[in-house]
Amino acid sequence: MYRNQRLEECISELQYALWFGGSSSGDADVTSRVEPWEAAKDHFERLYNFANTAYDDTDKNPYPGEFHAGENEFDLLARDQIVYAAEQMNDDALRTRTLGRKTLAGEFLEPSTNPILQASINAAVERAESALLEDVIPQVLDIAVKSGAYSGTATDIIIDRALEGFSRETLRATTGIYYENYTRERGMQPQGVELLKVAEVMEFERAKLHMSNADILRQLEQIELDNALQHFEDELKSHWRGQQEYMSIMTGGGFHADTSSDPSKKKNIVGSALQGAVGGASLGATVGGGPGAIVGGILGGVAGLLG
396 MYRNQRLEEC ISELQYALWF GGSSSGDADV TSRVEPWEAA KDHFERLYNF ANTAYDDTDK
456 NPYPGEFHAG ENEFDLLARD QIVYAAEQMN DDALRTRTLG RKTLAGEFLE PSTNPILQAS
516 INAAVERAES ALLEDVIPQV LDIAVKSGAY SGTATDIIID RALEGFSRET LRATTGIYYE
576 NYTRERGMQP QGVELLKVAE VMEFERAKLH MSNADILRQL EQIELDNALQ HFEDELKSHW
636 RGQQEYMSIM TGGGFHADTS SDPSKKKNIV GSALQGAVGG ASLGATVGGG PGAIVGGILG
696 GVAGLLG
């Protein structure tokens, strides 16, 4: 594309002189006025008075009440129950864990660590001993006396036989108790693992209960914060309450515009023509070089005279 740099510089200088040098008349030749219709002026004045009164009567004080519901007695009761359930679960979990640990360790296999087993053995021995002292020995002695075999040696032999029977009965009874306890406890040892798992679940549930209670407290605290913030914002907005309604009336419709021209103020035809010519020449010079600038200037001048 051909560009005449010198011509463009001259056109730019001329444009600046025309636009900023006062090529057009400095005074406006058009006057505009916006006002209500003549028949509606009294109604608008009356409406504005109503708006002023309504705005002045609008309560500018902040809202005195609460924006959010606070904690009630059932909230407190529920929270107390959650805490109680959590602590109770903690005790249950501790007992379950202790039982599971002892079961896995086999502590219930020995009388020294199993008081129930020890009590069962003692009861069996006492029954055998009672039978020996109250039934067996008196009957043996009675038989010996009746048969004429009552002597120190014979009595000792009879007593020894009775004691041997007592020992056998005691051994049989205690062995049976040991065996039953051993079989039962060995069968329950695998359940110790399940008991430990149950204890872990209970402890985790206890933690979840505490977390739930913490969430409830956090929500209640957040409600208080939101309430305080809303009070603060309401206090700020209260001073502007009614402003939008007032402005909607003050800037509402019902207006019309009148436009009038002053014939004593004529348009600067020469300046307009020169501006149009310079604009056309600038476009022509950019597009078609020197000849294009001439043609563009002519067309631009015509347009300036028309507009």
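Each residue of the sequence shown is one higher than the last, beginning at 396 in the working numbering. The beta-carbon is built from N, C-alpha and C at its ideal position, and this holds for glycine as well. None of the values given here were measured: they were computed from a predicted structure.
Taking the alpha carbon of residue i as the reference point, which residue from the options has its own alpha carbon closest?
i	options	result
ILE611	PRO510, SER515, ALA473, THR578	ALA473
ALA557	TYR577, GLY571, PRO533	PRO533
THR565	GLU589, ALA518, HIS605, GLN614	ALA518
ALA602	ASN485, GLU619, ALA446	ASN485
GLN625	TYR458, MET597, ASP454	TYR458
ALA481	HIS438, GLN614, HIS605, ALA446	HIS605
ASP555	ILE572, LEU536, VAL593	LEU536
ASN608	GLN476, ALA526, SER525, LEU620	GLN476
PHE599	LYS497, ARG567, GLU619, ASP487	ASP487
GLY501	SER643, LEU620, GLU580	GLU580
GLU466	LEU615, LEU620, SER633, GLU640	LEU615
VAL596	ASP551, LEU489, GLU529	LEU489
GLU521	ASN509, THR508, SER562, ARG496	SER562
PRO585	LEU528, ARG496, PRO510, SER643	ARG496
SER633	GLU440, ASN447, HIS438, THR453	THR453
ASP629	GLU440, THR448, HIS438, GLY460	GLY460
Assuming contact is defined by CB atoms lying nearer than 9 Å, are residue i and residue j in contact in what I supplied?
i	j	result
GLY582	LEU499	no
THR491	LEU591	yes
LEU494	GLU505	no
ARG636	LYS455	yes
ILE516	TYR573	yes
ALA576	PHE469	Looking at the sequence provided, one finds Asn at residue 576 rather than Ala. Not in contact: ASN576 and PHE469 (Cβ atoms no closer than 9 Å).
ALA568	ALA523	yes
TYR443	GLU640	no
Tell me, please, whether the CB atom of residue i is closer than 9 Å to any CB atom in chain B?
i	result
THR448	This model lacks chain B altogether, as it is built from one protein chain only.
Roughly how far, in whole angstroms, is the beta-carbon of residue i from the beta-carbon of residue j, given that I think they are within contact range, below 8 Å?
i	j	result
VAL593	GLY560	Rounded, the Cβ-Cβ distance is 48 Å, inconsistent with contact.
PHE445	ASN622	The Cβ separation is near 36 Å, so there is no contact.
Legend entry - alpha helix (DSSP H) runs wholly inside the segment 547-620, at least 4 long, in chain order: none
Inset, instruction - Return the chain-ordered ranges of every alpha helix (DSSP H) run that is complete within the segment 492-535 and spans a minimum of 4 residues. - result: 510-526
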